[in-house]
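The block underneath contains the structure these notes are about, expressed in structure tokens.
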Amino acid sequence: MEKTAIEPTRAENYPDWYQQVVKAAELAETSAVRGCMVIKPWGYAVWENIRTGLDGLFKATGHVNAYFPLFIPLRFLEQEAEHVDGFAKECAVVTHHRLEAGPDGGLVPAGELEEPLVVRPTSETIIGETYAKWVQSYRDLPILVNQWANVVRWEMRTRMFLRTAEFLWQEGHTAHETREEAWEETLQMLEVYRQFAEEYMAMPVLTGEKTEGERFPGAVHTFCIEAMMQDRKALQAGTSHFLGQNFAKASGIQFQSREGKLEYAWTTSWGVSTRLIGGMIMTHADDDGMVMPPRLAPSHVAILPIIRKPEDEETVLAFCEKAAAALRQHVYHGRGVEVVVDKRDVNAGEKSWGWIKKGIPVVLEIGPRDLASHSVFVYRRDKTRKDRYGMPLEDFARGIVALLDDIQGNLLARARDLRDSNTREIDDMDTFRAFFTPEDKERPEIHGGFARSHWCGRADCEKSINDALSVTIRCIPFDREKTGPGPCIVCGREGPGRVVFAKAY
RNA sequence: CGGGGAGUAGCUCAGCCUGGUAGAGCGCCAGCUUUGGGAGCUGGAUGUCGCAGGUUCGAAUCCUGUCUCCCCGACCA
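If you're matching positions, the first sequence starts at 29 in this note's numbering and goes up one per residue.
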């Protein structure tokens, strides 16, 4: 078997493989603070690209950015009962505003606050308070604001990018005059997420609604994009919430309507987080490390000068710079093609494996022999190292945008194949149970996937499956009705159509 | 927060059961060799053995506490 850059491989130990990829690709590392990670430059650049891409889509749909406080007065959180229940158990609370020298030389908190402040786990309440002031009349609506921020949820169990105590995200908060308008907004933003996931991340997603049990605390309806990872588990990659008038009532967002009556606004909220990076890793990375979809890759092309004799150095480097300059003239989806010429004085193998592990879409090797033929030696990250080929620089440069698009398309197609080939319609409990049970319980192999089965709509049936198999309903697809009615996989009562069951992150 | 595993050189880990004052491989540094690709040889540097107490003449090793990481569970983006 070929030696892989990442050990263990996905098949050997998926969770461990994931950790090793994060490390080997230099995306992030653990920090001195429990549950919090340091996002390293290569990983942060991915987040910057996610932000730029999404921000453009938000602006295109009429949204603007603003910033609200990190600290939320405790009483704000208390205003919406379900919301409190949902977040109370994972809040970091600030109770003091000063440090004083303690008896044994250390520092101790002093100056207790009259009212504790909660580090935002999400901002519905503080933004609601603000909107209440902004909104007087129907003329003040809609409010279409997004915030790029960090939030803190004191999680019991953390995992790099997928669940950390502090994470970066985007939260959109909108207020509308009518139910219909808020409803449309909720679905519009879900569609933005779907488009972003598929077109930018090359990560195919299902769209649909969450069941009551999986709903955002305080929301009336929660919609989601749901992706399948390479271990066939589901990842909730983004959510869009229709909040009805719940938060408007809690925060007092009222306005005088066209008829002169005082009414509560209809609000929505929607968000995606640095978890998307975890999704990208588990969708595309392989046993040699990260595989970056070109549209979000920090850099597109790494050029490795192959210098064997000192006298070749000058001419080879000059040709590498020439190649880089030629590539940089091309524009890839609104962004100049980004090229790194890796002149580091480390050995060639380590250098090229370094870029493979980082997942850069294309590696060019350029040595003395290429100078004469004016050509480059090309490796693309979505193919094997055996598929490398040489070609004239001019042709390569002319085709770079098409090449990146081809890689992007390949990654999406590959991910879609994996998902589709591991999605099954299942109509009886024995098959369902077998689908979600590993053959080797001591060392569970990769198994399961998405099961499209009938469900009667009762929380009891959902819960019994979760209790027995750790499988949950990931989403109720919008096209559910198309599959026709059928008997619930658990109780046999008729339901209106199939829903998607899976193990989840 | 419950169960399991682990923290020893930059990295991966051995040593711990049966206490005697720290090792290997990789990486790093130097020299030579090699030269279309994760190189070879020779030499060298590197550790308050996670942290704090305790037992002991003596602790990486035994005991207690504590912190962190990983896996499973409950909870969650």
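Backbone N, C-alpha and C define an ideal beta-carbon position, used for all residues, glycine too.
For clarity, every value in this text was computed on a predicted model and none was experimentally measured.
7 Å Cβ shell around residue i - same chain, five flanking residues per side excluded
i    : result
F244 : T250, T267 and H269
E226 : P232, V233 and L440
Y292 : Q273, A276, K277, I281 and Q282
C489 : W483, C516, V518 and C519
P524 : R508, E509 and P513
L355 : V329, V365, V367, A425 and I428
F216 : Before going further, note that residue 216 is Gln rather than Phe in the sequence given. T89, listed in sequence order.
F140 : Correcting the residue type first, residue 140 is Glu in the shown sequence and not Phe. For E140, where only same-chain residues beyond five positions count, the Cβ hits under 7 Å are T123 and H124.
L271 : G246, A247, V248, T295, T296 and S297
A351 : I331, L392, I394, V404 and L421
Residue(s) in a DSSP beta bridge with residue i
i    : result
S165 : Q284
V541 : The first residue shown for the chain is 29 and the last is 533, placing residue 541 beyond what the model contains.
Y360 : R363
N538 : Outside the shown range of the chain (29 to 533) lies residue 538, about which nothing can therefore be said.
L172 : T202
P420 : S403
G514 : G523
I428 : Answer is none; I428 lacks a bridge partner.
E57  : V66
F529 : A479 and I501
E128 : V136
R148 : None; R148 has no bridge partner.
V391 : A330 and Y407
Beta-carbon spacing of residue i, residue j below 8 Å
i    : j    : result
I334 : V367 : no
R323 : Y228 : yes
A210 : W197 : no
G63  : T192 : yes
D259 : Y42  : yes
Q48  : E40  : no
G81  : I305 : no
F115 : E157 : no
A479 : R452 : yes
I454 : T239 : no
P97  : I154 : yes
A530 : G485 : no
T206 : T296 : no
A109 : K385 : no
L497 : F464 : yes
D410 : I388 : no
R447 : M308 : no
R148 : I100 : yes
Sequence-distant residues of the same chain with beta carbon closer than 8 Å to residue i, five excluded per side
i    : result
F506 : T235, G236 and E237
L9   : Since the first residue shown for the chain is 29 and the last is 533, residue 9 is missing from the structure and cannot be characterised.
G130 : V136
R38  : W45, Q258, D259, D314, D315 and I474
R336 : G395 and P396
Helix, strand or coil at residue i [DSSP, three-state]
i    : result
P396 : helix
H91  : coil
E226 : helix
C519 : coil
I78  : helix
C348 : helix
F189 : coil
P101 : strand
T123 : strand
M29  : Unreliable positioning characterises M29 in this predicted model, as indicated by a pLDDT of 44, which lies under 50. The coordinate reading is nonetheless provided below. If DSSP states are grouped into helix, strand and coil, M29 belongs with coil.
R447 : helix
G382 : helix
V319 : coil
L141 : strand
D374 : The identity of residue 374 in the sequence shown is Val, whereas the question assumes Asp. Coil.
T153 : helix
R408 : strand
Same chain, Cβ closer than 6 Å to residue i, five either side skipped, listed in chain order
i    : result
A160 : S279, G280 and I281
H358 : V365, I428 and V429
I253 : Y221, R222, A225, V233, T235, A265 and G266
H312 : V319 and L439
R444 : P232
V50  : A56 and M188
N93  : N174
V19  : The requested residue 19 does not occur in the structure, where the chain is confined to residues 29 to 533.
Contact test: residue i Cβ vs the ligand ADP heavy atom, cutoff 7 Å
i    : result
M310 : Although the ligand ADP was asked about, the structure shown includes no ligands whatsoever.
Please give me, in chain order, every unbroken run of the beta strand (DSSP E) with length at least 3 that falls completely inside the stretch 261-305. Entirely contained in the stretch 261-305, the beta strand (DSSP E) runs reaching 3 residues are, in chain order, 262-270, 282-284, 290-292 and 294-301.
At 3 residues or longer, and completely inside the stretch 452-511: list those beta strand (DSSP E) runs for me, N to C. Look at the stretch 452-511 and you find these whole runs of beta strand (DSSP E), each 3 residues long or longer: 478-482 and 500-505.
Give, in chain order, every unbroken run of the alpha helix (DSSP H) that is at least 4 residues long and sits entirely within the stretch 232-264. List check, alpha helix (DSSP H) in window: nothing returned.
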